[in-house]
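Residue numbers (full-length UniProt numbering): 1 to 843. Virtual Cβ for every residue (Gly too), placed ideally from N, Cα, C. What follows is a short report on a single structure.
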């Protein structure tokens, strides 16, 4: 395949699209495209003349659908391209701020669609970086049809719009029937927008090992009960069918069985080991072989027991040494069957003769979902060992109603469709914010640059919410239809206060409102943003300040959390946690039955330092609880930051302060008035906090007063550990703030100064200063920003500003004008560290 594509990838610079089966060597094609760019930019000459090329002006961006694939690809290419003087770095959600600044200088950037969306939305900060991109490579482009595919689609369209120079697109896909639509969308190049990209299609004969694929559908023996019960009984059905499938397809060769959960992986291994042990010797030999000797020294007792029958399980929660021993035992053929979770499909190179996907549904957070196409392809891609087999076998076990779906998937007959229409508003606002869309004409141009437009013309029936009377689009789509559609989108977004028209006459001039800008910057969903605006408007009209509990309740009901369902098996857990002492705002109802209540309790258990429940059976929910809590807090921080920006549109400073306090508490993983804020320091855990509390040390100020030897004595630690704590403490901002009245510039009085017709207008000078030495702009991978609020004593906001702490080093002074309505009304100024709990000063 590489030879057949050599000329297209290394002989030209036209855009290219290739469809081929998994394992056929597509990665080499990306490398050829990189080398072609390397050649035409003159870097070969620099290399051969011993010049450094690490500062070359071109960049390559490689997009992969998952973080694990990015890390794997970056490690491989760093090693390969180092000899040519090219650097390669991965940019993912785990990339720190320091790493981000450094990694953006790499020649080859490996990243996910979401991370590149993040970078390109900050166009002003990354204009130079984006302008250097000469080659944009997309792996697994068939993921366009999945939920996250909309992000991939918009970043490709955005790169088309943002880059004025020649930008080459190279896209590789699994076998799909409509790869030509991808080629039409990407086009040949910027000079031939009506010609498709060069396209090559390869079949299964190009796999190094032939793969036989089978899909088996089964009926659920238990039609009643909730989804959890149905899934339980469905898995039991799958288990009973396994021996039959293993006998038919296994050929007594290594088998991987992918299971939907860790617990199912264990119970499946237990079932197979028990079945094998109880089966007659003659029948047993036709299933799989027992190991000649059981020399495994597993820490896990169940593993040790199952291994006697040649069966093991493997998941991320297993001890590292046990995992490694399972992998080595499987490679050495001492273990015949490994029951594992889908994480083994990525990263660990553990191919098998036969792969069985035991059920296509899995728990995502709290929702039961079908595996996406990429996961299925990765799992079946483990079947067939080039060094041992001429053929591999992949088996998918699913429910009868999904059998046809998976048959079309494995045969490559499932067309790629766009899913941009499902959250078009989100991305439309982002493009207005970036300036890509600024008029009706530019909106039409942008929409035509999407894959949605390509497929809408081919298969309009797939997009019923677009082909509707509201948008005036008919199945026989023409330019007028698209213009009508864009007009309606713009009208809806203006109505929702997310964009506005600055022009009084045609043509329209579109910009984002402050709400729309916040939505784009914080990646908010359209539905969530509408509720924030409505919440902001309603509560402002009621003219009362929002308390932390009000904001927490609203936050917990946000659409961002709709995937976090309260499971039936979790109700007892959350009822128990709700009664814990550290829950500041307990749910009043006796039974926890709503999803938002779960979100509220999850947040409060973290902020209040609540211990996990100890009742019998609670441990069964521990893993899901920890995973949910981590994800909920991550979403909550983003939503709160947006909420704070939106609250600045109102004059209610008390509501802003409540939202800020909750945000800082989430950043510090503790309510601000609790000694638990000390956990923010490196090396300080709950046990050390309790020791500090016992000696009345409950804040950073208290801790700053201690000498190192005193800390060593209190905590029972050595000098090096105490030095780390004090050094970390020095990074926490220490502020000073003051305000003074400069003069009166307007005065009106009646007999009583408190009359509504009386007022005093004054000029106030505020001075804020950062007292740390040296300046620490980033602490624990967080940018240190100061929030400065000036208000009246009765909660009217006068001024709000967010300032990097480095700008306060030599003090920051500014003047504001304020109106005093009555004699007891005073002016107050406050300064907070936005990203650290427990740091504030007032004047």
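- Inter-segment contact for the stretch 554-574 and the stretch 521-539 is present: three or more beta-carbon pairs are separated by less than 8 Å.
- The three-state reading of DSSP puts residue 217 in strand, counting E and B together.
- With a minimum length of 3 residues, the unbroken runs of beta strand (DSSP E) contained wholly in the stretch 463-527 fall at 499-501, 510-512.
- If you keep only unbroken beta strand (DSSP E) runs of at least 3 residues inside the stretch 774-805, you get 785-792, 797-804.
- In this structure, 274 is the residue among 255, 214, 274 with its C-alpha nearest to the C-alpha of residue 240.
- Under DSSP, residue 369 shares a beta bridge with 362.
- For residue 646, the uninterrupted alpha helix (DSSP H) run begins and ends at 622-647, by DSSP.
- Per DSSP, the continuous alpha helix (DSSP H) segment holding residue 689 begins and ends at 686-694.
- Residue 81 is classed as buried because its beta carbon has at least 16 other beta carbons within 10 Å across all chains shown.
- DSSP places residue 322 within a helical segment (H, G or I) once states are collapsed to three.
- Counting of Cβ neighbours within 10 angstroms places residue 211 among the buried residues, the total reaching 16 or more.
- Taking 8 Å as the cut-off, the Cβ atoms of residue 735 and residue 644 do not count as close.
- Beyond the five residues adjoining it in sequence on each side, residue 814 comes within less than 7 Å, by CB distance, of 766 in the same chain, given in chain order.
- Cβ neighbours of residue 531 within its own chain (closer than 6 Å, five residues either side excluded): none.
- Inclusion of residue 676 and residue 670 in the CB contact set at 8 Å is warranted, their separation being smaller than that value.
- Put simply, the backbone Cα of residue 407 is about 39 Å away from that of residue 296.
- Contact annotation: residue 428 and residue 493 have beta-carbon atoms nearer than 8 Å.
- By the neighbour-count criterion, in which 16 or more other beta carbons inside 10 Å mark a residue as buried, residue 371 falls on the buried side.
- Runs of alpha helix (DSSP H) with 4 or more residues, each lying fully within the stretch 239-280, are found at 262-278, listed in chain order.
- Per DSSP, the unbroken alpha helix (DSSP H) holding residue 70 starts and ends at 67-81.
- Exclusion of the five residues before and after residue 159 leaves 136 as the residues of its chain whose Cβ lies within less than 6 Å of its Cβ.
- Using a Cβ-Cβ distance cut-off of 8 Å, the stretch 706-725 and the stretch 677-684 are in contact, since at least three pairs of beta carbons, one from each stretch, lie closer than that value.
- Counting along the chain, the unbroken beta strand (DSSP E) around residue 819 starts and ends at 812-820.
- Cα atoms of residue 259 and residue 369: separation of roughly 13 Å, rounded to the nearest angstrom.
- For residue 453, the enclosing alpha helix (DSSP H) has its first and last residue at 451-458.
- Contact check for residue 161 against residue 418 fails: the beta carbons are separated by 8 Å or more.
- The stretch 131-199 contains, as complete alpha helix (DSSP H) runs of 4+ residues, the segments 149-162, 179-186 (chain order).
- For residue 765, the secondary structure class from DSSP, reduced to helix, strand or coil, is strand.
- Looking at the DSSP output, residue 397 shares a beta bridge with 216, 358.
- By the 16-neighbour rule on beta-carbons within 10 angstroms, residue 152 is buried.
- Here DSSP, grouped into helix, strand and coil, assigns residue 830 to strand.
- Looking at the DSSP output, residue 337 bridges to 255, 311.
- For residue 741, the three-state secondary structure derived from DSSP is strand.
- A Cβ-Cβ separation of about 6 Å places residue 518 in contact with residue 646 under the 8 Å criterion.
- The C-alpha of residue 704 lies about 11 Å from the C-alpha of residue 710.
- Between the alpha carbons of residue 603 and residue 551 lies a distance of about 12 Å.
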